[in-house]
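What follows is one structure encoded as structure tokens, with my remarks underneath.
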Amino acid sequence: MPIPRTLIVIPARLAASRLPGKPLADIAGEPMIVRVWRSAVAAAAGRVVVATDADAVAAAVRRAGGEAVMTRADHVSGSDRVCEAVARLDPDRSFELIVNLQGDMPTLDPGLVAACLEPLAVAPADGGPHIGTIAAELTDPGRIADPNIVKVVGSPIAGTRRVRALYFTRAAAPYGDGPLLHHEGLYAFRRAALERFVALPPSPLERRESLEQLRALEDGMRIEVTLVDRVPLGVNTEAELQLARRAFADRRTASAFPSPPWPTGT
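Heads up, the sequence shown is in the numbering used here, so the first residue is 707 and it goes up one at a time.
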């Protein structure tokens with residue numbers, strides 16, 4: 707059932723440094739951004755809009771039947787682009803929850819959007835968080851040591867499959883026995899928290915780790931993380947693009963869409 711007053715915004719920048727033009731990269735006959743948009747719509751969690759600085763990206767989304775909004779080209783992060791899009795789309799502030807869904811997750815399981823929103827069911831006045839996100843257990847030693855795999859250190863919340871985030875890091879943490887959690891950059895914000903977040907300057911730990919979510923923690927915001935079985939593949943390199951293409955080819959053969967074909971430990 708759709709969550710009321712929720713706006714899902716997919717930021718998409720054409721000039722990505724590691725894989726230029728990736729929103730329009732073909733995956734099984736459709737641009738990657740359209741694949742992401744379709745998964746977001748399938749989540750049935752709210753209105754879905756692509757926020758971009760490129761006419762070609764907006765045109766691709768609109769040809770597929772989607773909604774796109776043009777934003778400035780000088781944003782330093784997807785969160786800034788999302789915040790601009792929200793202000794343009796909803797000046798009357800009818801949407802209370804904002805999902806920032808990155809445009810490079812073509813294998814996204816739509817159910818992960820609801821998992822991301824789950825922590826925000828509890829209001830801040832009742833101890834609820836400002837931001838919700840997702841993570842899954844990481845078991846492959848090679849990926850544990852990979853600084854491109856972001857880990858979240860959190861304290862379990864009794865009676866739930868969630869943790870309260872204490873830190874995010876590119877290092878293998880925490881030390882000692884127990885699971886490590888692979889964090890994926892899918893975020894659900896309360897609108898006021900998003901606006902507060904983008905108004906803050908980059909924080910010291912954010913600069914050190916190159917992880918913007920640390921800015922929120924350093925400012926005292928509460929982030930809760932829903933634990934899921936797997937996270938989607940983020941496409942940042944040519945090799946990851948080829949992996950995504952193979953995944954969609956396998957889905958056509960096995961009729962398995964939309965479940966992603968890899969757990970986080972592989």
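All C-beta atoms in this analysis are idealised placements derived from N, C-alpha and C, irrespective of residue type, glycine included.
{"Check": "Would you kindly check if the distance between the Cβ of V775 and the Cβ of T758 is under 9 Å?", "Outcome": "yes"}
{"Check": "What are the boundary residues of the alpha helix (DSSP H) that A748 is part of?", "Outcome": "M738 to A748"}
{"Check": "With H, G and I counted as helix, E and B as strand and the rest as coil, what does DSSP make of R913?", "Outcome": "helix"}
{"Check": "Quick one, are the C-beta atoms of L795 and F895 less than 9 Å apart?", "Outcome": "no"}
{"Check": "Quick check: the Cα distance between R902 and A864, rounded to an integer number of angstroms?", "Outcome": "28 Å"}
{"Check": "Taking C-beta to C-beta, are A871 and V931 nearer than 9 Å?", "Outcome": "yes"}
{"Check": "A820 and L933 look like a contact to me (Cβ under 8 Å); what is the Cβ gap, rounded to whole Å?", "Outcome": "Not a contact, Cβ separation roughly 14 Å."}
{"Check": "Suppose the cutoff is 6 Å on Cβ atoms and the five residues either side in sequence are ignored; what does the same chain contact list for V792 look like?", "Outcome": "I804"}
{"Check": "Taking N1039 as the reference, which of H889, P717 and S800 has the closest Cα?", "Outcome": "Coverage of the chain is limited to positions 707 through 972, which leaves residue 1039 absent and any answer about it impossible."}
{"Check": "In terms of DSSP beta bridges, what is T758 paired with?", "Outcome": "A718 and M776"}
{"Check": "Out of A898, D925 and V904, which has the shortest C-alpha to C-alpha gap to P910?", "Outcome": "D925"}
{"Check": "Which class does P862 belong to by DSSP, given the choice of helix, strand or coil?", "Outcome": "strand"}
{"Check": "One question on the structure: do A722 and D810 come within less than 9 Å of each other, judged by their Cβ atoms?", "Outcome": "yes"}
{"Check": "Which residue or residues does DSSP assign as beta-bridge partners of R896?", "Outcome": "L803"}
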